[in-house]
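S.K.: Taking the numbering used here, the leading residue of the sequence shown gets 694, the next gets one more, and so forth. One structure coming up, written as structure tokens, with questions to follow.
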Amino acid sequence: MSNETYRRCSNCGEMWLNQDYCPTCGNIINITLKRELERKEKAIQKQKKIDATKKKSAVTLFLKM
Ligand SMILES: [Zn+2]
694 MSNETYRRCS NCGEMWLNQD YCPTCGNIIN ITLKRELERK EKAIQKQKKI DATKKKSAVT
754 LFLKM
């Protein structure tokens with residue numbers, strides 16, 4: 694059973710074996726990892742928006758008192 698995966702860097706075109714990041718330019722070449730990171734980033738952005746809304750309403754509430 695082989696667990697070896699070749700991935701091509703979309704930035705510089707190099708092929709790498711079992712690498713998540715391109716050693717040459719640092720580009721993410723593991724698509725699964727890239728999607729996972731993008732998903733996490735979106736979740737963080739969403740949470741930031743929620744936090745900002747909460748802070749805003751807290752200030753509004755304070756000003757009304
Ligand atoms: Zn590269």
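Backbone N, C-alpha and C define an ideal beta-carbon position, used for all residues, glycine too.
#1: Compute the distance between the beta-carbons of residue 724 and residue 714, then report whether it is under 7 angstroms.
#2: Apart from the five residues on each side of it in sequence, which residues of its chain come closer than 8 angstroms, Cβ to Cβ, to residue 727?
#3: From residue 749 to residue 735, what distance separates their C-alpha atoms?
#4: Per the DSSP calculation, residue 701 is bridged to which residue(s)?
#5: Could you spell out the range, first to last residue, of the alpha helix (DSSP H) harbouring residue 724?
M.R.: Looking at the atomic coordinates:
#1: Against the sequence shown, residue 724 aligns to sequence position 31. Against the sequence shown, residue 714 aligns to sequence position 21. With respect to the 7 angstroms criterion, residue 724 and residue 714 are not classified as neighbours on the basis of their beta carbons.
#2: Indexing the sequence shown from 1 puts residue 727 at position 34. Hits under 8 angstroms: 721.
#3: Numbered from 1 along the sequence shown, position 56 holds the residue referred to as residue 749. Numbered from 1 along the sequence shown, position 42 holds the residue referred to as residue 735. Whole-angstrom Cα-Cα distance: 21 angstroms.
#4: For this step, residue 701 is matched to residue 8 along the sequence shown. DSSP output for residue 701 lists 708 as bridge partner(s).
#5: If you number the sequence shown from 1, residue 724 lands on position 31. If you look at residue 724, you'll find it in the alpha helix (DSSP H) that goes 724-757.
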